[in-house]
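Everything below concerns the one structure shown next.
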Amino acid sequence: MKKLISLAFVLMLRVRYRITVKGLKELKSRTQDNRPVLFLPNHQALIDPVIVMSLLYNTFTPRPLVDEKQSDHPLAKYLMDMVNAIFIPDLNVSSRDAKEQVFAGIEEIAASLKRGENVLMYPAGRISRGHLEVIGANSGAVSVVHGVPEARVVLLRIRGLWGSRFSRARGLPSLLGDVWKLLFRVLANGFLFMPRRQVHIDIIEPDDFPAGGDRKAINRYLEDFYNTDPDRNTEISPYWWQGYQPIYHDEARPEFVNRDTGSIPESIRTLVLSRFTELSGVEKVQEGDKLAADLGMDSLVLAEFGSWMHQEFGVAAENLEVLQTVSDCILAAGGIMPVLSGVQLQPVSSKWFARVEERELRFPEGETIADLFLYQARQNPDQVILSDQLSGDKTWRQLIMAVYALLPEIKHIPEKRVGIMMPASVSAVVSWLVVMFSGKEPVMVNWTGGTANMRYSLQSVGVRQVITAKALTGQLEQRGTELDKVGVSWLYLEELAARIHAGRKITALLKSRLPWRALHQAEITENAAVLFTSGSEARPKSVPLTHANFLANALDFAQILSLSSNDRLLGILPVFHSLGLAGTVILPLCTGLRTVYWPNPTEGAQLARMIGAYGATALITTPTFLHGILRAGQPDLLYSLRLIFSGAEKCPDHVFFALEEKCPQAVLCEGYGVTECSPVIAVNSPDAPQLGTVGRLLASMEYVLLDPETGEPVSVGKNGRMLVRGPNVFSGYLGDAPSPFVDFDGKSWYDTGDLMFERDGMLVFAGRLKRFVKMGAR
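When we follow the working numbering, the leftmost residue of the sequence shown carries the number 91, and every step to the right adds one.
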């Protein structure tokens, strides 16, 4: 079976690649040498392990060292188990256990070699970020070479894959996803006519390898070997009718990285510098020091730092690769992630930019968000409405088709509420739509509060099943979140989609092109979502928000912002954040506002790139995330922005000044709100924003400012406790939480717990009476 699968891979690879191997015959001729072999290749692309294993397996049967993230799919896991792979965790995500798991993997490599088995290991520990192989201070291969001196060391130099779909030259690759695309293209080319990529592999067992040298000597030798005659960024046409000539691209220029740590508190800077002194052994650590070159820190030590940073500051770096210098780490500890050089976005399609008739976005008539969504979808079903880098563009019709395909997976759930734990993404929107049309209440899960708060929140509203994604749960588990103790079943969207058989897909496709009767007749629950307060100083409270709440708020909000049919919104706030759900999911679905998502709002550099790539004209954010964008982004990336809404916290003056410098054409409208009000209460108008204020109250709301001591209304200019009422205000917490409503002047009012005063008809935030009540959308 193994030989048959190996033969199948060889045949598939030959259709796309013309592989030239030098040195393999010589290596095979030395089979009388019974010593184990440690194969050390460079790593240009995700496909090169498949190529290398296809060449070596039948003769040498090496055990490959594999990133467990790359073997998450059942098929990949089966193949890796078949070749007896050794798994290690992804060290680019901070984890308390990652270092121990990697050490265990390296020990298994050494033990395997001592048993006489051969091993395939990549010294760089990751695919190349550029046309040169960089090993830096990584110590994995060095540890194995020193630990098993009797092993033969065989080097493989791979050239020709830099620039392929499987390399980082084309963005973030996906092995299985791109393999399926490759198979489709093979079929489209009639098997025999597909343009082939030239791949050269040199296999050498060097006599002068410095096996007894230190880490610096061995890694330098490896880099010199791998980078002899470096590759060009080469693109090969996927179809024969596009031609057979290779296309060469210039290497991406290093981006400007703003490493100014002036805005980071001195206490954070001091702690980080002290920690690096402990980890590196360097007595005097400088902010400009490079982690690998100057401090000798490899990925294992960096993972240890990431775990410490999470415990010390509550900051989780989703990708430790961005940390290249000490100043990067100081910024990260302060909540600002620096740029990741060399990571390119997937190309944006022309359909995303397709212009439509210029008109002001308005709300159609309807009682529920489902009514408005279906109305907008019917107007132009094949127009792109949502996008992200993972899912690509999605039209209204494709959203309808996804809902039809996934509905059977959710309808059978017995509970009336289903959890959704997703970052900002197309998948989050689809999950929310599916739960809504299934007749159940979506419960938006906040994963930032830890295991105990998640368990309490979900148990309090009777949620037993939560839709999520493996990429997110994997990151949370690596940070120490014990998801197995939350007390729910995790429904992975990837697995739900995999269960959709061809018959159901065809049915969903047909239904998307017929009148959507089943969706129009769906029993939509009164509540559009259940969210939770932050729980920073008390147990999270459950906030049920109805369709009427959200629609009233979104209608008021949209009228102030004056959005048009050709505006494009960048959505970055998570959907458990009420401003994220209302502003970047419900508002686009109800008005037809094209929206593109990025899942991590702390990655200012990537957000700036997304604005530039997608021509985003509008942004809903917080001052902290906006600051990150302005720090990392240059004016040429931000020129399309014209309107920014900022909420959730008071916007510091330095953010306004930075916006004026980097993005002078954009208007920043600061606002105020709370989750219980769906969430916006007041907002500045783009026509006349007033610095230092949160704007005017929304049109459908009423408010009163009362003296905190006497309970009487205050005069203009005096601080008063803010009470509000209106159609966007919720009806009360679920469970036994105390009522937040008070009676005044014969009416019931929601008590915000915040102090405000009036200035020239505008509201100014003056502080909090209840420390656990946050300004803005919690």
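Every residue, glycine too, gets a C-beta built ideally from N, C-alpha and C.
Computed from a predicted model, the values in this text were never measured in an experiment.
I'd like to check one pair, S254 with A135: are the Cβ atoms closer than 8 Å?
In this structure, A135 lies near S254, with their beta-carbon atoms less than 8 Å apart.
Could you tell me which residues DSSP puts in a beta bridge with V773?
G761 and R786
How is the alpha helix (DSSP H) around L731 delimited, first residue to last?
From DSSP, L731 is part of no alpha helix (DSSP H); its letter is neither H nor E.
Within this structure, are the beta carbons of V620 and V551 separated by less than 8 Å?
yes
For the region 603-613 against the region 570-584, do three or more pairs of beta-carbon atoms, one drawn from each stretch, fall closer than 8 Å, so that the two count as touching?
Under the Cβ criterion (8 Å, minimum of three pairs), the region 603-613 does not count as touching the region 570-584.
Can you have a look at D472 and say buried or exposed, based on whether 16 or more other CB atoms are within 10 angstroms of its CB?
Residue environment: D472 is assigned as exposed (fewer than 16 neighbouring CB atoms within 10 Å of its CB, all protein chains considered).
Taking only the alpha-carbon atoms, compute the straight-line gap between F443 and D478 and give it to the nearest angstrom.
14 Å
Per DSSP, what kind of secondary structure is V832 in: helix, strand or coil?
V832 falls in the strand class under three-state DSSP.
When DSSP builds the beta bridges, which residues end up paired with S521?
DSSP, once it has assigned bridges, lists no residue as partnering S521.
On the premise that A772 lies in contact with L788, defined as a C-beta separation below 8 Å, what is that separation, rounded to the nearest angstrom?
7 Å
Taking only runs of the beta strand (DSSP E) that begin and end inside the region 652-679, which ones reach a length of at least 3 residues, in chain order?
658-661
Which word fits L671, buried or exposed, when buried means at least 16 other C-beta atoms lie within 10 angstroms of its C-beta?
If you draw a 10 Å sphere on the C-beta of L671, you find 16 or more other C-beta atoms in it, and that means buried.
Segment contact flag, the region 779-797 with the region 758-768, C-beta cutoff 8 Å, min 3 pairs:
yes
Thinking V633 and F640 are a contact (beta carbons under 8 Å), I'd like their distance in whole angstroms, please.
Rounded, the Cβ-Cβ distance is 12 Å, inconsistent with contact.
Here's a check: name, in chain order, each residue in its chain whose Cβ is nearer than 8 Å to the Cβ of D123, leaving out the five neighbours to either side.
R242
C-alpha distance - T367 paired with Q376, whole-angstrom precision
10 Å
In terms of alpha-carbon separation, which member of L660, I475, Q611 and F666 lies closest to Q696?
L660
Cut-off 8 Å between Cβ atoms - residues of its own chain near W688, not counting five sequence neighbours on either side:
D478, Q479, A514, L660, G661, I662, Q696, L697 and M700
Can you list, in chain order, the residues of its chain whose CB lies under 7 Å from that of R629, leaving out five sequence neighbours each side?
Scanning its chain for C-beta atoms nearer than 7 Å, with the 5 sequence neighbours on each side dropped, one finds around R629 the residues Y546, in chain order.
Using the C-alpha atoms, what's the distance from E341 back to Q335?
19 Å
Limits of the alpha helix (DSSP H) - the one that W486 falls within:
W486 to K501
Inter-residue spacing [alpha-carbon to alpha-carbon] between A612 and S730
Cα-Cα distance, rounded: 39 Å.
Meets three-Cβ-pair contact criterion under 8 Å: the region 804-815 and the region 840-852:
yes
To the nearest angstrom, report how far apart T707 and D657 are at their CA atoms.
6 Å
Give me, in chain order, the residues of the same chain whose beta-carbon lies closer than 6 Å to that of H717; leave out the 5 immediate sequence neighbours on both sides.
V745
For V524, which residues from the same chain have a beta carbon less than 7 Å from its beta carbon, with the 5 sequence-adjacent residues on both sides left out?
V493, L496, L497 and I500
Helix, strand or coil for M544? Go by DSSP, reduced to three states.
When DSSP states are grouped into helix, strand and coil, M544 belongs to the helix group.
Cross-strand partners of L246 (DSSP beta bridge)
Paired residues: P131 and I293.
What first and last residue would you give for the beta strand (DSSP E) that runs through D157?
R153 to D157
Using C-beta distances below 6 Å, list every residue in its chain close to V516, excluding the 5 sequence neighbours before and after it, in chain order.
L476, D478, S481 and K484
Within the region 416-486, note down every full alpha helix (DSSP H) run reaching 4 residues or more, in order along the chain.
416-423 and 459-469
When the Cα atoms are used, what is the spatial distance from K167 to A559?
18 Å
Does DSSP classify L717 as helix, strand or coil?
Looking at the sequence provided, one finds His at residue 717 rather than Leu. Residue state, collapsed to three classes: helix.
Give the straight-line distance between the Cα atoms of T110 and E325, rounded to the nearest whole angstrom.
18 Å
Count the other CB atoms, across all protein chains shown, that sit within 10 Å of the CB of M172; report buried if there are 16 or more and exposed otherwise.
exposed
So, for G851: in the same chain, excluding its five sequence neighbours on each side, which residues have a beta-carbon less than 8 Å away from its beta-carbon?
R786
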